[in-house]
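A.B. asks: So the sequences go chain by chain: A and B. For reference, each letter of the first sequence is one residue, going 1 to 400 in our numbering. For reference, each letter of the second sequence is one residue, going 401 to 800 in our numbering. Idealized CB from N, CA, C, for every residue including glycine. The following block contains the structure, expressed as structure tokens.
2 protein chains.
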Amino acid sequence: MENWELLRTLAIKNSSRIVLLVIDGAGGIQIDGKTELEKAFTPNLDMVAREGVCGLMDPVFPGITPGSGPGHIALFGYDPVRYQVGRGVLGALGIGFHLERGDIAARINFATVDEKGLVTDRRAGRIPTSFNQELCRELEEKVKVEGAKIFVRTVKEHRAVLVIRGKGLSGEIKDTDPQKEGLPPLDPEPITREAEKTVSLVKEFISQAKNILSSRHPANMVLLRGFSQLPHIPSFQEIYKLNPACIAVYPMYKGVARLVGMEVLSTGETLRDEIETLKNNFDSYDFFFLHIKPTDSSGEDGDFERKVKVIEEVDSLIPEILSLNPDVLAITADHSTPSLLRSHSWHAVPVVIRAKTARVDDVDRFTELECAKGALGRFSAKYLMSLLMAHALKLSKFGA
Amino acid sequence: MENWELLRTLAIKNSSRIVLLVIDGAGGIQIDGKTELEKAFTPNLDMVAREGVCGLMDPVFPGITPGSGPGHIALFGYDPVRYQVGRGVLGALGIGFHLERGDIAARINFATVDEKGLVTDRRAGRIPTSFNQELCRELEEKVKVEGAKIFVRTVKEHRAVLVIRGKGLSGEIKDTDPQKEGLPPLDPEPITREAEKTVSLVKEFISQAKNILSSRHPANMVLLRGFSQLPHIPSFQEIYKLNPACIAVYPMYKGVARLVGMEVLSTGETLRDEIETLKNNFDSYDFFFLHIKPTDSSGEDGDFERKVKVIEEVDSLIPEILSLNPDVLAITADHSTPSLLRSHSWHAVPVVIRAKTARVDDVDRFTELECAKGALGRFSAKYLMSLLMAHALKLSKFGA
């Protein structure tokens, strides 16, 4: 039994408001003895830690480094191993494409093939994004397959997304990317019987695309991978009886939020814009997912000092969130992004829950090591939502 | 695989004795900076904490507030989500009715219906308990259904319990309580095919009850809910090879203990009576579940000071338990009942295990926050029994 199956039977609606602030990639590891959170001057985050109850969360399970998809799926209360979002779907969500139920999404690499049809460059010499955009426009305009609509959209350089919209489609299809140069592209093969019809559409797309691209060397071929459909995930409304809103700048997070039933609020590009959006909409929703991206980006750039500065900027905006007086405020991350590793990592993330119903502990800094001493202990991120619901008094008693 | 399936293959019998002291609802949250456990003067509980190893347990999973049923099912080593005890069964256990395997139990509300048969009061104006007792006696005496025996027993005010005893019955039946005034009672409907025969017996009961009660306004109807049977739970004897005894004052806890195979010892009304019962029977059993109720009751009344006093009274009796020299003494709670919330809550509960085999930590107070720093860390209550068995050296090695 999944957690949400029990939660669905217990959730009740009341007027409490929950704010979940996700500082993407906030967790780190020490450089010169300090993590980014330890180095930053964060009087407001520390005050929240002092007033709330703290802990440390594993995004998936100990040792697993999540991508943004699984990281957020877990924060939203679903088992990220059980509810996997396909790579094609994540690619489409990442560029803000509005997938509909039943759509098939796949990642495209523009590639170079020689006259024998063998792949000589899987990335077509990393063509410029503007050339990619030109190719996508042409493919989307010219490729016609019977009984389905084709979308071809640019990601960046040699990367794009294919979406096939039609009836009775299936994403159970093998990649056509041979993963090695010197080999021909693979045929798209159905993994299950239901995918046979979709495979014939994909073959038709590849054949027409190959013709159209024949004069577009080095981008004279497409390689496809990560065929997938939107997973069937029960929504926040169904499980939690919440009326949830998402405030995020990057398309990927908006896409994952939309997947679980959140309304995506339009906002600007800066942290301040996001806070303004929170303020302006605070009366209209009872759950806010507020996503902060630049901590992750600076960690991925290996820029320790910039990550510290972003954390300090986030810290300076905390009083504005507190001034709204949310019944429950949680601050955490979807995963760690240590500047030292220049990538996402498996290290557990600090979490604080501030609410009148919290059993306050004696943690007084919002850092990895201090939160590790908190009374919430160490737990799996998929339990965060039940804790937030409980602290908002939105869960009735289980059993008599 | 459930925990007990492994434990059953590892359990061995020896002469060690385990005492599990459950201080019902002991956990709290702070009022004026202190929880009830923090406020109480507890030199003996603190000594046990100092001599043992401490931790913090989630009764079900983070955020879930358990009723007494799931709370104790977890303490006894079963997954409380997998082994759910139905509301009708808990109602029957709660009044000390000795359910047999196969019995169907349901909760009764005496209710008022108008001449059109619409429910005008789901609680029949909360009739006095003495009137309820009169009605139950009459129904149990007069209602006759073919091939089954009917029991109707008072709980309190408008609440009673129905038990149907017969062959081949099923509790997979929908409630007849429409949950709203102005509607007629619902027909009892089978959820599965196997329940069809039972449904016809229930219909017969309702029809006869309605006739008998017709002159008993405002209690002129019965509404039924929570149809259920004793779940099939493997017993303590089967899993742990224990010879377990229960010492409790309230019927509900005796009922849950009986459900897992404990012998329920007769005892008096006070904590002192319970300790005397423990002393008098200490040589005859190798596992004692000792249940203390008034911590929970005072928490539910929102009476912080009374809860503190009860904790201090429990503390004063600890030396008498220690004088028996149990090989393993565990002290914990089935859930928290913070006076501030006046109800059960989801907050994790402190636990201490004192045994010669314990890896002693440096916790020296039996409070929520100090136990949170203990070497047992934070874990799910369903693992407590395997820890107790281990500390009693009653579990052999798993694998070679």
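Could you please give the first and the last residue of the uninterrupted alpha helix (DSSP H) stretch that includes residue 448 (chain B)?
C.D. replies: Taking the second sequence and counting its residues from 1, the one referred to as residue 448 (chain B) is at position 48. Residues 443 to 451.
A.B. asks: Hey, out of A:367, A:195, A:342, whose CA is closest to residue 350 (chain A)'s CA?
C.D. replies: Residue numbering aside, residue 350 (chain A) sits at position 350 when the first sequence is read from its first letter. Nearest of A:367, A:195, A:342 to residue 350 (chain A), Cα basis: A:367.
A.B. asks: Tell me the start and end of each unbroken alpha helix (DSSP H) in the region 299 to 327 of chain A that is at least 4 residues and wholly inside, in chain order.
C.D. replies: List check, alpha helix (DSSP H) in window: 304 to 323.
A.B. asks: Can you name the residues of chain B whose CB is closer than 8 Å to the CB of residue 397 (chain A)?
C.D. replies: As a first step, residue 397 (chain A) must be located in the first sequence, where it is residue number 397. Within chain B, the residues near residue 397 (chain A) are 465, 466, 467, 743, 744.
A.B. asks: Are the CB atoms of residue 226 (chain A) and residue 374 (chain A) nearer to each other than 8 Å?
C.D. replies: Within the first sequence, residue 226 (chain A) is the residue found at index 226, counting from 1. Within the first sequence, residue 374 (chain A) is the residue found at index 374, counting from 1. No. Outside cutoff.
A.B. asks: Assign residue 409 (chain B) to one of two classes, buried (16 or more other C-beta atoms within 10 Å of its C-beta) or exposed (fewer than that).
C.D. replies: Residue 409 (chain B) sits at position 9 when you count from the first residue of the second sequence. Residue 409 (chain B) comes out exposed.
A.B. asks: Under 6 Å Cβ to Cβ from residue 149 (chain A), same chain only, skipping five residues before and after it: list those, please.
C.D. replies: Within the first sequence, numbered from 1, the residue matching residue 149 (chain A) stands at position 149. Closer than 6 Å at the Cβ level, and outside the excluded window around residue 149 (chain A), lie 165.
A.B. asks: Using a C-beta to C-beta distance shorter than 8 Å, which residues of chain B count as neighbours of residue 436 (chain A)?
C.D. replies: No statement about residue 436 (chain A) is possible, as the shown extent of chain A runs from 1 to 400 and does not include it.
A.B. asks: Can you tell me which of A:112, A:201, A:163 puts its alpha carbon nearest to the alpha carbon of residue 218 (chain A)?
C.D. replies: Numbered from its first residue, the first sequence carries residue 218 (chain A) at position 218. Cα-wise, what sits closest to residue 218 (chain A) is A:112.
A.B. asks: Please name the residue in B:407, B:419, B:403, B:404 whose C-alpha comes closest to that of residue 681 (chain B).
C.D. replies: Here residue 681 (chain B) refers to the residue found at position 281 when the second sequence is read from its first residue. Answer by Cα proximity: B:419.
A.B. asks: Measuring CA to CA, which of A:397, A:335, A:330 is closest to residue 50 (chain A)?
C.D. replies: What you label residue 50 (chain A) is simply residue 50 of the first sequence in a count that begins at 1. When each option's Cα is compared against that of residue 50 (chain A), the closest is A:330.
A.B. asks: Counting only Cβ pairs nearer than 8 Å, list the residues of chain B close to residue 389 (chain A).
C.D. replies: In the first sequence, counting from the first residue as 1, residue 389 (chain A) sits at position 389. Near residue 389 (chain A) (Cβ distances below 8 Å), the residues of chain B are 463.
A.B. asks: Quick one: which chain B residues come within Cβ less than 8 Å of residue 332 (chain A)?
C.D. replies: Along the first sequence, read from residue 1 onward, the residue named residue 332 (chain A) stands at position 332. Residues of chain B passing the Cβ test: none, with the nearest at roughly 14 Å.
A.B. asks: Would you grab the beta carbon distance between residue 57 (chain A) and residue 332 (chain A) for me? Rounded to a whole angstrom, and I think it's under 8 Å.
C.D. replies: One-based indexing of the first sequence puts residue 57 (chain A) at position 57. One-based indexing of the first sequence puts residue 332 (chain A) at position 332. Right, the Cβ-Cβ distance comes to about 6 Å (below 8 Å), so this counts as a contact.
A.B. asks: Buried or exposed: where does residue 12 (chain A) fall if 16 or more other Cβ atoms within 10 Å of its Cβ makes it buried?
C.D. replies: Counted from its first residue, the first sequence places residue 12 (chain A) at position 12. Residue 12 (chain A) comes out exposed.
A.B. asks: Helix, strand or coil for residue 798 (chain B) per DSSP?
C.D. replies: Within the second sequence, numbered from 1, the residue matching residue 798 (chain B) stands at position 398. Note: residue 798 (chain B) maps to coil in three-state DSSP.
A.B. asks: Compare the C-beta of residue 369 (chain A) against all C-beta atoms of chain B and say whether one is closer than 8 Å.
C.D. replies: To locate residue 369 (chain A), count along the first sequence from 1; it is residue 369. Chain B contact via Cβ: absent.
A.B. asks: Who are the Cβ neighbours of residue 728 (chain B) in its own chain at under 6 Å, not counting the five residues just before and after it?
C.D. replies: Here residue 728 (chain B) refers to the residue found at position 328 of the second sequence. Cβ within range, chain order: 418, 755, 788, 791, 792.
A.B. asks: Using 8 Å as the limit for Cβ to Cβ distance, is residue 518 (chain B) near chain A?
C.D. replies: By one-based count along the second sequence, residue 518 (chain B) stands at place 118. False, the Cβ-Cβ gap to chain A never drops below 8 Å.
A.B. asks: On a CA-only basis, which of A:42, A:28, A:334, A:249 is nearest residue 302 (chain A)? Give me that one, please.
C.D. replies: The residue given as residue 302 (chain A) occupies position 302 in the first sequence. Checking every option, the nearest Cα to that of residue 302 (chain A) belongs to A:28.
A.B. asks: Assign residue 471 (chain B) to one of three DSSP states: helix, strand, or coil.
C.D. replies: Indexing the second sequence from 1 puts residue 471 (chain B) at position 71. Correct three-state label for residue 471 (chain B): helix.
A.B. asks: Looking at the secondary structure, which residues open and close the beta strand (DSSP E) in which residue 291 (chain A) lies?
C.D. replies: Working through the first sequence from its first residue, we reach residue 291 (chain A) at position 291. It spans 287 to 292 - the beta strand (DSSP E) in which residue 291 (chain A) sits, taken as one unbroken run.
A.B. asks: Please say whether residue 360 (chain A) and residue 52 (chain A) have beta carbons closer to each other than 8 Å?
C.D. replies: Along the first sequence, read from residue 1 onward, the residue named residue 52 (chain A) stands at position 52. Along the first sequence, read from residue 1 onward, the residue named residue 360 (chain A) stands at position 360. Their beta carbons are under 8 Å apart, which means residue 52 (chain A) touches residue 360 (chain A) by this criterion.
A.B. asks: Mind checking whether the beta-carbon of residue 641 (chain B) lies closer than 7 Å to any heavy atom of the ligand MG?
C.D. replies: Because no ligand of any kind appears in the structure shown, any question about the ligand MG cannot be addressed here.
A.B. asks: So, are the CB atoms of residue 355 (chain B) and residue 543 (chain B) less than 8 Å apart?
C.D. replies: The structure shown does not extend to residue 355 (chain B), since chain B spans only 401 to 800, so no value can be given for it.
A.B. asks: Go to residue 130 (chain A), then tell me how far its alpha helix (DSSP H) extends in each direction, as first and last residue.
C.D. replies: On the first sequence, residue 130 (chain A) is found 130 positions in, with the first residue counted as 1. Element bounds for residue 130 (chain A): 129 to 142.
A.B. asks: Quick one: give me the first and last residue of the alpha helix (DSSP H) that residue 609 (chain B) is part of.
C.D. replies: For this step, residue 609 (chain B) is matched to residue 209 along the second sequence. That run of the alpha helix (DSSP H) goes 596 to 613.
A.B. asks: Quick one: residues in its chain with C-beta nearer than 6 Å to the C-beta of residue 639 (chain B), no 5 flanking neighbours on either side, listed in chain order?
C.D. replies: Here the question's residue 639 (chain B) lines up with position 239 in the second sequence. Hits under 6 Å: 404, 407, 408.
A.B. asks: DSSP three-state label for residue 236 (chain A), please.
C.D. replies: Numbered from its first residue, the first sequence carries residue 236 (chain A) at position 236. DSSP places residue 236 (chain A) in helix when its eight states are reduced to three.
A.B. asks: From the DSSP output, read off the bridge partner residues of residue 859 (chain B).
C.D. replies: The question about residue 859 (chain B) has no answer, for chain B in this structure spans 401 to 800.
A.B. asks: Let me know if residue 117 (chain A) comes out buried or exposed under the rule of 16 or more other beta-carbons within 10 Å of its beta-carbon.
C.D. replies: Locating residue 117 (chain A) in the first sequence gives position 117, where the first residue counts as 1. Under this definition residue 117 (chain A) is an exposed residue.
A.B. asks: Just mark residue 1 (chain A) as buried or exposed, buried being the case when its beta carbon has 16 or more other beta carbons within 10 Å.
C.D. replies: Locating residue 1 (chain A) in the first sequence gives position 1, where the first residue counts as 1. So residue 1 (chain A) ends up on the exposed side.
A.B. asks: Tell me, please, which residues DSSP counts as bridged to residue 8 (chain A).
C.D. replies: Translated into the one-based positions of the first sequence, residue 8 (chain A) becomes position 8. Per DSSP, none; premise fails for residue 8 (chain A).
A.B. asks: According to DSSP, is residue 566 (chain B) part of a helix, a strand, or is it coil?
C.D. replies: For the purposes of this step, residue 566 (chain B) is identified with residue 166 of the second sequence, where counting begins at 1. Strand.
A.B. asks: Roughly how many angstroms lie between the CA atoms of residue 244 (chain A) and residue 284 (chain A), to the nearest whole one?
C.D. replies: Against the first sequence, residue 244 (chain A) aligns to sequence position 244. Against the first sequence, residue 284 (chain A) aligns to sequence position 284. Going from the Cα of residue 244 (chain A) to the Cα of residue 284 (chain A) covers about 9 Å.
A.B. asks: Starting from the beta carbon of residue 490 (chain B), find every residue of chain A whose beta carbon is closer than 9 Å, and list them in chain order.
C.D. replies: Mapped onto the second sequence, residue 490 (chain B) falls at position 90. In chain order: 399, 400.
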